[in-house]
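Down below is the structure, laid out as structure tokens.
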Amino acid sequence: MDSDSRVTDAIRTLKSGGIIAIPTDTVYGIGADPFNPDAVQKLYTIKGRPENKPIPLVLGSVDDVDKVSQDLPPFFFHLTEKYWPGGLTIIVQAKNLLPQLTAGGTTVGLRVPNQPLLLRILQEFGGPLAITSANLSGQPAATTPTEFGNALTARIDFIVDDGKTPGPIPSTVYDISASPYIVRREGVISTETLNKEFRCFNKHLKNS
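Numbering (the numbering used here), first residue to last: 333 to 540.
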């Protein structure tokens, strides 16, 4: 694999407890090591994010889900096979995660992004990344580093610049820890599509 100083510097920053800005397949995000309490707290502080709002995780592959989640229903794996890597964040029961990351709750949002540079960083880092959109809370999400604004840029330890992202529509957030399952935020995948997916999955189960 060709060397890329952006990858090396991003991983070094994460391992030292720093915050990176990173492109995703939707918008730019700011990320940290989810198992470093100080780094997670930095994410909240930098963004001005309310501490009662959980921070989702991006994963290098579906194989990483067991590190951070538990009690996964079969429908979860149906969704990941069809929509990962891609713009679907799935909320599931969390396992062994920091209280700050889950905002004191028991669930966590997971996604494998369809962005080659981010996937490479995740895979070489060797674990998930806590990530939230690269903007101050209440401001529009950024699709290029120049859109971060001076206040946010000054607080980030390292920026992985990979040009413009496809944004500005974010990932869809689908909560399958709830009963019934519910779309918490509609994004690149519609509520109608996910509802149809669930109906088809259940029909298949009944007929098998």
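Even for Gly, the Cβ is constructed at its ideal location relative to N, Cα and C.
Predicted model only: the values in this text are computed from it and were never measured.
Length of the line joining the Cα atoms of residue i and residue j
i              : j                 : result
serine 503     : threonine 345     : 26 Å
proline 366    : asparagine 527    : 31 Å
proline 472    : phenylalanine 409 : 32 Å
isoleucine 343 : glutamate 456     : 8 Å
leucine 411    : leucine 375       : 28 Å
tyrosine 513   : tyrosine 506      : 7 Å
Simplified DSSP assignment, three categories, for residue i
i              : result
tyrosine 415   : helix
proline 355    : strand
isoleucine 491 : strand
leucine 420    : strand
Extent of the continuous beta strand (DSSP E) run through residue i
i             : result
serine 465    : 461-465
threonine 504 : 504-507
Contacts around residue i, its chain only, beta-carbon distance under 7 Å, and the 5 residues preceding and following it disregarded
i             : result
proline 355   : Gln447, Leu449, Leu450, Val492, Asp494, Thr497
glutamate 518 : Thr504
Near the ligand MG: residue i beta-carbon under 7 Å from a heavy atom
i           : result
proline 386 : The ligand MG is not part of the structure shown, which contains no ligands of any sort.
Spatial neighbours of residue i in its chain, beta-carbon cut-off 6 Å, leaving aside the 5 residues before and after
i           : result
glycine 350 : Asp489
The alpha helix (DSSP H) enclosing residue i, as first and last residue numbers
i             : result
threonine 377 : 369-379
threonine 476 : From DSSP, threonine 476 is part of no alpha helix (DSSP H); its letter is neither H nor E.
Residue i versus the options, residue with shortest Cα-Cα distance
i                 : options                        : result
valine 444        : Trp416, Phe530, Cys532         : Trp416
phenylalanine 533 : Lys347, Pro405, Ala364, Ile352 : Pro405
Same chain only: Cβ atoms within 8 Å of residue i, ignoring 5 sequence neighbours per side
i              : result
asparagine 384 : Ala435, Gly436
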